[in-house]
Structure formats: structure tokens, C-alpha cells
Amino acid sequence: MVRCVSMAINHYLFNMERKRIIIAIDGFSSTGKSTMAKALARRIGYAYIDTGAMYRAVTLYCLENGLVNDDGTIKEEELVARLGDIKITFGVDAATGQSQTYLNGRCVECEIRDMRVSAVVSQVAKIPAVRRALVAQQQAMGREKGIVMDGRDIGTVVFPEAEMKVYVTASAETRARRRYDELVAKGDTAVTYEEVLHNVTERDRIDTTRAESPLRKADDAYTLDNSHMTIEEQDRWLMDLYDQITRG
Ligand code: DC
Numbered sequence: 006m007v008r009c010v011s012m013a014i015n016h017y018l019f020n021m022e023r024k025r026i027i028i029a030i031d032g033f034s035s036t037g038k039s040t041m042a043k044a045l046a047r048r049i050g051y052a053y054i055d056t057g058a059m060y061r062a063v064t065l066y067c068l069e070n071g072l073v074n075d076d077g078t079i080k081e082e083e084l085v086a087r088l089g090d091i092k093i094t095f096g097v098d099a100a101t102g103q104s105q106t107y108l109n110g111r112c113v114e115c116e117i118r119d120m121r122v123s124a125v126v127s128q129v130a131k132i133p134a135v136r137r138a139l140v141a142q143q144q145a146m147g148r149e150k151g152i153v154m155d156g157r158d159i160g161t162v163v164f165p166e167a168e169m170k171v172y173v174t175a176s177a178e179t180r181a182r183r184r185y186d187e188l189v190a191k192g193d194t195a196v197t198y199e200e201v202l203h204n205v206t207e208r209d210r211i212d213t214t215r216a217e218s219p220l221r222k223a224d225d226a227y228t229l230d231n232s233h234m235t236i237e238e239q240d241r242w243l244m245d246l247y248d249q250i251t252r253g
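Take 6 as the starting number for the sequence shown in this note's numbering and just add one per residue.
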């Protein structure tokens, strides 16, 4: 309690003479953008929204409700008809302070990171009606500003007017290695590095070539290639950029 109050006071003092802005962090999968976006949000007292988690939650709903065909394609019409039944919300785990994703009131933070979700999420994310529904929710979340949002189309479609835009990139091999290490650390012993690399490159291909809101760098985004950066270095890079933009 005392810690929460003192953190709130620190954030208030820190941000007192700064303008509240929208921070859009886009980039390829497994670039560590969620980790850095979360750290920045915590440090400056902003809300954090992981939009990839929203597409993953819709995908989990599809898997659990028979909306995925055997070949991995989605029963699109049925999904679109059921979009109104899918409620995605975020909460904070009281013990860890980490953001958690809820699907119709159930915490699905772990399940949405599974390979079975990763394997079909790009198919769900390319459906125009799904994107329209999720983008509208994301725009509503950012109405008051003071938000860090990460995804693929935040700086280009969701908040083209965001004051700070970052485009994160790293080699496919570096990203696959990071993702593989994460899965192994979670206890997934069945997965191989080659499988993860294939999933990463395949998702890159679909995310950058789909007709609806493909992943691309906004003209006014700053590029961060973190292939050879430590977490501390990238956190400092982001913080310096935030300082420069909000003090300027
Ligand atoms: O960031 P991630 O790997 O958790 O994202 C999961 C998938 O969702 C990814 O394949 C691309 C898609 N996505 C998207 O199309 N638009 C976003 N704003 C966020 C994610």
C-alpha cells in the first residue's frame, strides 16, 4: 500500500511538467517489444496494452469453439457472427504487478502464448472484421492518452497521430532463439528451434503481406534494431526518446 502510494507520487512528480502522449510500439514478432513497452509504461506511470494479446485471445476463442478448420484456416463467417460474444479485458496480477489478458472473464495470459495459438493467430489477424472490432476497442482505450500500446499497426492505423512511434526489428534467427528459450523456460520440451524459426518467418510473411493493415514502419517512426542490444540498453534508448519528445 505504502509502496503503491509512493510510486503514484513519483509518477506524478516525474510527469508533472510533461505532456501526456500516446506511445506506439510496432514491430515483428518476438522482438521483445512487449517487454520494453511494459517496462517503459511502468516507469512513466502509463497504461500498457498488448494488442497482440487481443488477437491471440480471439484465436484461443476460435480454437475452443471449433472455428478452426483442419488446415488451420478460420471459419470466418461464423467467427464474424460471434464477435459480439468475445469480450477481451486486461487486469493486473496483484502479486506480480504484471498485466493479464482475460477472455470473457477468464484469465488466459498463459494459454494465449502457446504454439497452438501462435500457429493460427496470423489467420485470425488478417480478417478485416476482426481488425475493425479490435482497432475500435484500442482507440477507445487511448482516448485519454497516457498509454503505451504495442502491436503491428499502432503507429499506422490505430493511432496515426501518436506523438512517439517506435518500430522494433531484429533478425529472424535472434527472435526465434529468444522465443524458443522462452518456451523451454515455460517447460515446453516438445518444441524445436527449427519449428519456432519457421513459425516466426511465416508470421513475418503473413503480417507484412496481408491486405488489411500490413506491418510497416510509419514514416515518422524511430527504428530500433535490438539484435545486439541488452534489455538495459533498449530500455535506456526508449526512455531517452520519451524524454526528448515530452520535454521538447
Ligand atoms: O505480438 P504477437 O506475436 O503477440 O502478435 C500475435 C499476432 O497478432 C501476430 O502474428 C500479428 C498479430 N497482430 C496484428 O496483426 N496486429 C496487432 N496490432 C498486433 C498483433
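Quick reminder that beta carbons are idealized off the backbone N, C-alpha and C, glycines included.
{"Check": "Note the first and the last residue of the continuous alpha helix (DSSP H) segment covering L108.", "Outcome": "Taken as a continuous stretch (DSSP letters only), L108 belongs to no alpha helix (DSSP H), being part of the beta strand (DSSP E) at 104 to 108."}
{"Check": "Return the residue from the list G110, Q103, V63 that minimises the CA-CA distance to V85.", "Outcome": "V63"}
{"Check": "Can you tell me the Cα-Cα spacing of E168 and A223, whole angstroms?", "Outcome": "12 Å"}
{"Check": "Could you check whether I30 and V153 sit closer than 8 Å to each other, using their CB atoms as the reference points?", "Outcome": "yes"}
{"Check": "Would you say T106 faces chain D, with C-beta separation under 8 Å as the test?", "Outcome": "Absent from the structure: chain D. Only one protein chain is present."}
{"Check": "Can you check DSSP and say which residues form a bridge with G96?", "Outcome": "Q105"}
{"Check": "Which term fits V189, buried or exposed, when burial requires 16 or more other beta carbons within 10 angstroms of its beta carbon?", "Outcome": "exposed"}
{"Check": "Please indicate yes or no: does the CB of T56 lie closer than 7 Å to some heavy atom of ligand 1?", "Outcome": "yes"}
{"Check": "Less than 7 Å between the CB of R3 and some heavy atom of ligand 1, yes or no?", "Outcome": "A query on residue 3 cannot be resolved here, the shown segment of the chain reaching from 6 to 253 and no further."}
{"Check": "Is it the case that the stretch 43 to 59 contacts the stretch 236 to 245, given that we only count it when at least three CB pairs across the two stretches are under 8 Å?", "Outcome": "yes"}
{"Check": "Could you check if T36 is buried or exposed, using at least 16 other CB atoms within 10 Å of its CB as the buried criterion?", "Outcome": "buried"}
{"Check": "Going by alpha carbons, who is nearest to Y66 out of E81, I91, V140?", "Outcome": "I91"}
{"Check": "Give the range of the beta strand (DSSP E) segment to which K170 is assigned.", "Outcome": "169 to 174"}
{"Check": "Verify the contact flag: I132, CB atom, against every heavy atom of ligand 1, threshold strictly below 7 Å.", "Outcome": "no"}
{"Check": "Assign T228 to one of three DSSP states: helix, strand, or coil.", "Outcome": "strand"}
{"Check": "Report yes if the C-beta distance between Y60 and V129 is below 8 Å; otherwise report no.", "Outcome": "yes"}
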